[in-house]
Amino acid sequence: EDQVTQSPEALRLQEGESSSLNCSYTVSGLRGLFWYRQDPGKGPEFLFTLYSAGEEKEKERLKATLTKKESFLHITAPKPEDSATYLCAVQANNNDMRFGAGTRLTVKP
Amino acid sequence: KAGVTQTPRYLIKTRGQQVTLSCSPISGHRSVSWYQQTPGQGLQFLFEYFSETQRNKGNFPGRFSGRQFSNSRSEMNVSTLELGDSALYLCASSDPPHNEQFFGPGTRLTVL
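For the record, the sequence lines run as chains B and R. Residue numbering for the first sequence follows the working numbering, beginning at 15 and increasing consecutively. Residue numbering for the second sequence follows the working numbering, beginning at 3 and increasing consecutively.
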């Protein structure tokens, strides 16, 4: 069965303290891996799509990478406004979409 | 372009009632997916509609159903509501072959 596991569940950083979030997955044929950001009481906001191992995407302080078994979301010099829950989702070749439980990030000033 | 809109934003119902939620996708997007989000289970896929046809279905009971209209707007219906149906219901639209989904703000359903 397809599975998506995110770690850690929660992460507290000081402003400027870089770190990485992990998304491990097992899927029968990867169509795409997606990262989203979700603020409390709102719908998830699309960040990145990765399609194949070795691919990297960047946006401001965020960089997503992909291997055959996991993806990392690197956050460089985070700011308090980066505080949110970050969700990883995997789409299989049969179009099934499965989300991880998310990592709740808190960045303290 | 306007984003995905969902109505209503908040809803309170009692057990046994039924409810219909509405979703208007981004203009030009032909695929609409529905998700249930709860603190314990996270985001769980309900179903996906493309060109008025259900293309994919998650592991939910038959009380959960949906449909899509010719203008790509979608509705989902939950019959015989249970307390455990209390959740944030999210709609997402996409434009195949691009797979990234764009989410609406959700409908917060509370079942008393």
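Heads up, the beta-carbon is just placed ideally off N, CA and C, and yes, glycines get one too.
Using a threshold of 6 Å, is the CB atom of Ser33/B nearer than that to any non-hydrogen atom of the ligand NAD?
This structure lacks the ligand NAD; in fact it carries no ligand of any kind.
Determine the burial state of Leu114/R: buried for a count of at least 16 other Cβ atoms within 10 Å of its Cβ, exposed for fewer.
Burial state of Leu114/R is exposed, judged by a 10 Å Cβ sphere holding fewer than 16 other Cβ atoms.
Which same chain residues end up closer than 6 Å to Gln28/B when comparing Cβ atoms and leaving out the 5 residues on each side of it in sequence?
Excluding its 5 nearest sequence neighbours in each direction, Gln28/B has C-beta neighbours in its own chain below 6 Å: Lys122, listed in chain order.
Minimum C-alpha distance to Gly5/R - residue among Thr109/R, Thr112/R, Phe105/R, Arg110/R
Of Thr109/R, Thr112/R, Phe105/R, Arg110/R, the residue nearest in Cα terms is Phe105/R.
Are Val18/B and Gly114/B closer than 7 Å when you measure CB to CB?
Yes; because the gap between Cβ atoms is below 7 Å, this pair is in contact.
In the segment 94–115 of chain B, which residues sit with their C-beta less than 9 Å from some C-beta in chain R, listed in chain order?
Residues are counted here when their Cβ sits less than 9 Å from a Cβ of chain R; for the segment 94–115 of chain B these are Leu101, Ala103, Gln105, Asn108, Asn109, Asp110, Met111, Arg112, Phe113, Gly114, Ala115, given in chain order.
Going by C-alpha to C-alpha distance, which of Arg11/R, Val34/R, Leu23/R sits closest to Ser96/R?
For Ser96/R, the nearest C-alpha among the options comes from Val34/R.
Neighbouring residues, chain B, relative to Arg57/R (Cβ below 8 Å):
Here the neighbours are Asn109.
Taking CB distances under 7 Å as the criterion, tell me whether Asn79/R reaches chain B.
Against chain B, the CB of Asn79/R has no partner CB under 7 Å away; the residue lies outside that interface.
C-beta contact flag for Asn79/R and Thr7/R at 7 Å:
No. Outside cutoff.
Flag Leu92/R as yes if its beta-carbon sits less than 7 Å from any beta-carbon of chain B, otherwise no.
Proximity of Leu92/R to chain B, defined by a Cβ-Cβ separation below 7 Å, is satisfied.
Please report the residue range of the beta strand (DSSP E) in which Val18/B lies.
Taken as a continuous stretch (DSSP letters only), the beta strand (DSSP E) holding Val18/B covers 17–21.
Within 10 angstroms of the Cβ of Ala103/B, are there 16 or more other Cβ atoms? Answer buried if so, exposed if not.
It is buried - the Cβ of Ala103/B has at least 16 other Cβ atoms within 10 Å.
List the residues of chain R whose Cβ lies closer than 9 Å to the Cβ of Gly46/B, in chain order.
For the C-beta of Gly46/B, the chain R residues within less than 9 Å are, from N- to C-terminus, Asn101, Glu102.
Using alpha carbons as the reference points, say which of Pro10/R, Phe49/R, Leu13/R lies closest to Arg65/R.
Selected option, being the one with the closest Cα: Phe49/R.
Do Tyr37/R and Arg110/R have their CB atoms nearer than 7 Å?
Tyr37/R places its beta carbon 7 Å or farther from that of Arg110/R.
Taking the continuous beta strand (DSSP E) assigned at Asn109/B, which residues delimit it?
Where Asn109/B is concerned, there is no enclosing beta strand (DSSP E), given that its DSSP letter is neither H nor E.
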